[in-house]
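Undergrad:
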Amino acid sequence: MTTQREQAILLNNLHIKGDPLILFNIWDAGSAKALQEIGAKVIATGSWSVAA
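Mapping of the sequence shown onto the working numbering: residues 20 to 71, in sequence order.
Structure follows, in structure tokens:
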């Protein structure tokens, strides 16, 4: 399991000048799985999808 610090470093390293980091927002388990299958580097989520 990665620590919060390791995750922060990884996210920071994904910010590359001239190569924008695209954050996909998920709504449910199905959309998370779909993004995983296409190789999304980072997945964002909203509070509603976590609470639902």
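Ideal Cβ placement from N, Cα and C applies to all residues, glycine included.
Under a three-way DSSP split, which group does I62 fall into?
TA: By 1-based counting over the sequence shown, the position of residue 62 is 43. Strand, per DSSP.
Undergrad: Could you tell me which residues DSSP pairs with N44 in its beta bridges?
TA: Numbered from 1 along the sequence shown, position 25 holds the residue referred to as residue 44. DSSP, once it has assigned bridges, lists A63 as partnering N44.
Undergrad: Within the continuous alpha helix (DSSP H) that includes L30, where are the two ends?
TA: What you label residue 30 is simply residue 11 of the sequence shown in a count that begins at 1. It spans Q23 to N32 - the alpha helix (DSSP H) in which L30 sits, taken as one unbroken run.
Undergrad: Is I41 near L54, with beta carbons less than 7 angstroms apart?
TA: Numbered from 1 along the sequence shown, position 22 holds the residue referred to as residue 41. Numbered from 1 along the sequence shown, position 35 holds the residue referred to as residue 54. Not in contact: I41 and L54 (Cβ atoms no closer than 7 angstroms).
Undergrad: Could you say which of G37, A51, D47 and K60 lies nearest to Q26 if we only look at CA atoms?
TA: What you label residue 26 is simply residue 7 of the sequence shown in a count that begins at 1. The shortest C-alpha separation from Q26 is found at K60.
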